[in-house]
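Numbering (the numbering used here), first residue to last: 3 to 636.
A virtual CB, placed ideally from N, CA and C, is assigned to each residue, including glycine.
Given the structure is predicted, the values throughout are model-derived calculations rather than measurements.
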Amino acid sequence: MKRPKKIAISLCFALLFIPFAPQYALNLSQKPSSISSTSTSGEKPNIVFLISEDNSKHYMKLFDSNGVDTPHIQNMAQNGLVFNHAFSNSPVCSVARSTLITGAYTIRTGMHLHRKIALAPMPEGLEMFPAYLRKAGYFTTNNFKKDYNAVEGEDVWDLSANDATWKKREDPKQPFFHQETFTESHESRLHFERALMEEYSTKDDPNHVVLPPIYPDTPLFRFTMAYHRDKIRSIDEWVGQKIQELEKEGLLEDTFVFYFGDHGGVLPGSKGYVYETGLHVPLVVRIPENWKHLVNVEKGNRLNGFVSFIDFAPTALHLAGLAIPEQMDGKPFLGPKIELHELETRDETLGHADRFDEKYEMVRSLRKGKWKYIRSFQPYYPDGLQNNYRYKMLAFEEWRTYSKDQKLDEIQQSFFQAKPVERLYDVERDPYETKDLSQETGHRDVLEKMRGRLFEILLENNDLGFIPENVLVSEAIGNPVEYGKSNHDQINKVMEINQLAILPFKEAADQLGETIENGNHLEKYWALSVASCFGQEALVLKEEIENLLDHPDHMVQLKAIEFLGLTQSMNPFPALEKLINKTQDPVEALIALNTLVYFKDHSDYPFILEDLAFTSVPLNEEVKRRLAYLKGEW
C-alpha cells in the first residue's frame, strides 16, 4: 500500500494559522446588513435562475479557450456580467442544491451527504429563500428539479412541477422568481452504449478535441468529450429559448437572469470530487435595463471576485430589497451598496465532498486566489473507489481497465491510488491539479496559511463531516445545527487529532497511542483513521489497535479492521463479514461495506464472494447497491 506523504508542523492548527495580508482577507462569517429596495415605484425586479446540470466552466469558450461557442450565453454576457470565479461548494447535485436553496454550508446544517438517508430539518429561524420572496409578494415557481437534503416547508413555491412557469401567475404585474433546470446535460446522458459511437456524429471531430491530461487518450474518451460538448451547445439553445420567452412577453428588461451550472462537470473525476472540474461553474447574470441602477457595475464586465453557492440566496433576497436571515452563511454579490472594489477582494471558496451515493470519503478544499489546498481525511481511499452509478459511464470503466492493465501514466494512474493527506496546487499554472506543491519548501508558508485557514472555517461551521453518518442519523438529524454547536469542543478535539497526520510519525506517536487507548469512541475512530494514514510506521501501535477489534462501538471496530488490513496485519474480510452481519444499523453496514469494497478492489487480499455469508444485513438503497456490486449484479 502506497503511504500518503506527510509534512511537518510544530503546533496544532490553531497556532499555525497566520492571516493573509489585509487586501486578501475575507470574513466568511460577516453578515451583510439588510437593505431596502431603491425602487421609487415600490415594484420589485423579477429573478430567474436557469440551471444546467453537470457542467463546469471548462466546456464553454466564454470561460475556457478550449470550450465551445455559446452565442446565447455570450449575448447574456454582453448585457450583463461574467463571473470568472463562481463555485459550487459541493461537487454533487443534492448537496449543491441544498446549499443554493438555504444559503448555508451543508457541513453545518447536516445536508452534506448525497443521497440523503435522512432529511435534515431547516435550521431554526431559516426558510428556503423563495419562501421569503413569496411572503414579499413574489410568485415563486420551480421547473422541476429540487433534490434537497432538507425538509421543505409548505410556503416555498406557488408552483413546482414540470410545467411550472411564471406565466401562470394571475396578476401580470406580480413580480416573480422562477427556477428551471436543464437536464439533458446530466451525467446519465453519458451512460450510452458503444453503438452510439457509430450512430451519432458529433459536431466536433473527436480526433481534435483537447483532453485533460488526467485521461488516457483513447477513441472512447475523445468521443465522450465531443458528445458532452454537444450537450453544452444544447444548454445554450435552451438559455436562448428562455431569454426569448421573456422578451416576447416584454419582461426581459425587468428580469435578472442568472445562468449557471449546478456543480462541476460530468466527465470522469469531476462530479463528486473537489477538483476545479467538480466545483468551478459557469455563471453569467443578465442585468435588466429597467433595474440596472441596482447594480454598481457596468454591463459587459468580467469580474474576478469569488462567489459561491452560499451567496446566491442572499443575492436574490438583496436584489428584491429583503433582509438577509442571520442563519445564511453567504453574502450578496449583486445589488445596492455592493461595490466593485469590495466584490473584487473576495478570493475564497470552501469545497467539501463526503458520501457520494454508496461511496464514502471525506475531503475538504480551500481555493484562495490562485492557490488550491485539498485535505483528505481518509486518503487511503482512492478517488476511483467503486460507485455503481459512476461506472455506468463507459469512459469511467475504461479508465479503470487501463489502470489494471498498467496502461496509464503517473498522472492518470493517481486517480486509483492512495492520496497525500494534504495537497497544494497553483491552479492558474496547473488547472487540472496535477502537480502537488505541498512538499516544496518554497511553498511552505502558503501551505501553512491555507491549512490554518481551512481548519478555521471548518471549526467555525462545526463541520459535521467529523461525525460518522450512523451517529449523525441516530443522534443529530433532529437538529444538526444545534448538535454541532453543543459538540463544538468535541469537533475541535477530533480536528486536532486529524492534524497529527501531518506530523512525522515520531512526533505524533505518543498522542496517537494515548488517544487510541483512552479516547472516547469518536476520538478513537479518528485516531485509528490517522494511524491508517501512517501505514506501516504505525505498526508500533498494533497491539493497542488489535485490542479494539471487540470494542463495543462498531465504527471503532471497523477502523481497527481497516488499519490492520492496510498494514497487512490480517485478512480483513472475515472480520468485516462478522461486523456487517451483527450490526442492526443499515448506515453502519454501508460504512463497513465501503471498506470491504475498498479491500476487494484495491488490495492483494483474495476476495471470494462464496466465502462471505451475508446472512442478516440491514438494508437501505445504498446497501443494496454495494451488495449488488459484490454479487456482480450492478
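- D428 has W373 as its beta-bridge partners, per DSSP.
- By the neighbour-count criterion, in which a residue is buried when 16 or more other Cβ atoms sit within 10 angstroms of its Cβ, L505 is buried.
- Residue burial is scored here from C-beta neighbours: D165 has fewer than 16 other C-beta atoms within 10 angstroms and is therefore classed as exposed.
- Counting only unbroken stretches of 4 or more residues, the alpha helix (DSSP H) elements lying wholly within the stretch 225-289 are 278-281, in sequence order.
- Its chain contains E400 as the residues whose beta carbon lies nearer than 7 Å to that of T220, once the 5 sequence neighbours on both sides are disregarded; these appear in chain order.
- Between G274 and A355 the beta-carbon gap is near 6 Å, inside 8 Å, which marks them as a contact.
- Annotated three-state conformation of S100 is helix, per DSSP.
- In this structure, the CA atom of L474 is about 10 Å from the CA atom of N481.
- Contact annotation, I582 with F616: C-beta distance approximately 6 Å; criterion of less than 8 Å satisfied.
- Scanning the stretch 418-481 for uninterrupted beta strand (DSSP E) segments of 3 residues or longer gives 424-428, listed from N- to C-terminal end.
- Excluding residues up to 5 positions away in sequence, P270, R392 lie with their Cβ nearer than 7 Å to the Cβ of F398 in the same chain.
- Taking a cut-off of 8 Å on C-beta distances, the stretch 407-421 does not touch the stretch 452-465, as fewer than three cross pairs fall below it.
- Comparing alpha carbon positions, the residue from E471, Y61, L530, I459 closest to H490 is I459.
- The Cβ atoms of I479 and A98 lie no closer than 8 Å to each other.
- If you draw a straight line from the Cα of V423 to the Cα of I245, it comes to about 46 Å.
- Straight through space, the alpha carbons of N472 and G634 are spaced by roughly 27 Å.
- If you draw a straight line from the Cα of P214 to the Cα of S96, it comes to about 27 Å.
- Contact between the stretch 165-185 and the stretch 194-207 is absent: fewer than three C-beta pairs spanning the two stretches fall below 8 Å.
- Cα atoms of V84 and L305: separation of roughly 6 Å, rounded to the nearest angstrom.
- Only buried fits R348, as 16 or more other CB atoms lie within 10 angstroms of its CB.
- Here I53 is near F184, since their CB atoms are less than 8 Å apart.
- Restricting attention to alpha helix (DSSP H) runs no shorter than 4 residues, the stretch 166-231 encloses them at 198-201, ordered along the chain.
- With a cut-off of 8 Å on Cβ pairs, the stretch 585-604 is in contact with the stretch 559-573, counting three or more such pairs.
- E350 carries a strand assignment under DSSP once its states are collapsed to helix, strand and coil.
- Sixteen is the threshold: since fewer than 16 other Cβ atoms of the shown chains lie within 10 Å of the Cβ of V153, the residue is exposed.
- The C-alpha of E182 is placed about 18 Å away from the C-alpha of V94.
- Note that the stretch 463-471 touches the stretch 100-110; at least 3 beta-carbon pairs, one per stretch, sit closer than 8 Å.
- In summary, Y140 is buried, with 16 or more beta-carbon neighbours lying within 10 Å of its beta-carbon over all protein chains present.
- Here H604 is not near T279, since their CB atoms are 8 Å or more apart.
- The beta carbons of E360 and N390 sit closer together than 8 Å.
- Between the stretch 365-384 and the stretch 427-440 there are three or more inter-stretch CB-CB distances shorter than 8 Å, so the stretches are counted as touching.
- DSSP places M78 in the helix class (H, G or I) of the three-state scheme.
- Y527 sits buried, since 16 or more C-beta atoms from the chains shown fall within 10 Å of its C-beta.
- Listed in chain order, the non-local C-beta contacts of E55 below 6 Å within the same chain comprise T185, S187, H188, D264, local neighbours out to five positions each way being set aside.
- Linking K626 to F358 through their CA atoms gives a straight-line distance of about 15 Å.
- DSSP places S54 outside any alpha helix (DSSP H); the residue lies instead in the beta strand (DSSP E), whose first and last residues are 48-54.
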